[in-house]
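First comes the structure, then the notes that go with it.
Numbering (our numbering), first residue to last: 142 to 517.
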């Protein structure tokens, strides 16, 4: 039997680090992540609120040709689609004009190239929201596709007298290859974190590819005013300002999901990741702690466990605890990934997340020393 008092000071410290790290890991798993897989979706609302679906598009002619007919076939009685043509130089304007002849509930907001004042889509989104006819807004992107004809209905079901923000999810399409596995694993981890943050009463982000909120909520915080100079942040920094434990919920039903096209090259994905990192320093302190503790304590648990096993200190206990942690994560994440439309990544998360943690660290350092001048 292990006698703690007989251990060296280093052994005592490492054992304590292992125990505390394991405790925090199990809190995340069994008080947080498990709740996503067990979550019951909102029942469909009896009241059919009028809705404005907002899409910002730049040079998205091909995607809009596919997306607009799909959206117009949504099983919902009263909605409009607001497309903000954000200084496109392809045939987006002509395509939208042709669709307006067929679809009277298609509203187009045009931004000419000389009026496009900054990178990012905050200016376009603001104009789209101001031009929307209805108070309840559902946002998506031109390269996204609803999984179901009840997408609008399912997202709107999250609204209530209390809930004015509904966070959806937008899984990436599954393709072959290591890059796609990494992208989908990364997206799954992000989804698990921001959904858990809602359950813990501290929402910090959503994805602009599938999100709903009211006009009043948008204007109550001045829209994107507090971070307007940043190209990114129209989803996470807006949620930082507008969301709280009372006014925010999420919908993960299959019918409420959209799917997105993943990046096709490492360069494009890494550029996207680095752009997302530019907003992280502006998160609240509690959010930074919440996001940092999970990967940090996993690395600490792994490193301290290897050290203890190497020096034959409580080896059997250490291996059992590490094994329990891995099995628990695989079971919880596998169940959740199927529910979230990301099957195939849950059971591999113990491996992919370790790679993602190391990659995120390198990209974070790269952003500090070589911050790109412009994001598009």
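Cβ atoms here follow ideal geometry from the backbone N, Cα and C, with glycine treated the same way.
Item                                                                                                                    : Value
For residue 352, the first and last residue of its enclosing beta strand (DSSP E)                                       : 352 to 355
Close-in-space but distant-in-sequence residues of the same chain around residue 206 (CB under 8 Å, 5 per side omitted) : 236
Exposure label - residue 453; buried when at least 16 CB within 10 Å                                                    : exposed
The segment 284 to 304 in contact with the segment 376 to 384 per 3-pair CB rule at 8 Å                                 : no
Residues near residue 438 by beta carbon distance below 6 Å, same chain, minus five either side                         : 162, 165, 166
Identity of the residues DSSP links to residue 282 by a beta bridge                                                     : 197
Residues that DSSP places opposite residue 220 in a beta bridge                                                         : 192
Simplified DSSP assignment, three categories, for residue 515                                                           : With a pLDDT of only 48 at residue 515, under the threshold of 50, the placement of this residue in the model should not be trusted; the figure read from the coordinates follows. Here residue 515 sits in coil by DSSP.
Cβ neighbour criterion (16 or more within 10 Å) applied to residue 104                                                  : The question about residue 104 has no answer, for the chain in this structure spans 142 to 517.
For residue 266, three-class secondary structure by DSSP                                                                : helix
Own chain partners of residue 270 with C-beta closer than 6 Å, once the 5 adjacent residues on each side are dropped    : 359
Three-state secondary structure assigned by DSSP to residue 287                                                         : strand
Near the ligand SAM: residue 157 beta-carbon under 8 Å from a heavy atom                                                : With respect to the ligand SAM, the structure offers nothing, as it holds no ligand at all.
Contact under 9 Å by Cβ, residue 199 with residue 216                                                                   : no
CA-to-CA distance, residue 233 to residue 396, given in whole angstroms                                                 : 28 Å
Buried or exposed (CB count within 10 angstroms, at least 16 for buried), residue 387                                   : exposed
Whether residue 490 touches residue 300 by CB criterion (9 Å)                                                           : no
For residue 401: DSSP bridge partner residues                                                                           : 285, 313
Contact set for residue 221: own chain, Cβ-Cβ below 6 Å, skip 5 residues either direction                               : 193, 246, 248, 274
Backbone CA spacing between residue 518 and residue 306 [nearest angstrom]                                              : Residue 518 is absent from the model: the chain starts at 142 and stops at 517.
Bridge partners - residue 251, DSSP secondary structure assignment                                                      : 226
When 285, 435, 239, 444 are compared against residue 333, the one with the closest alpha-carbon                         : 435
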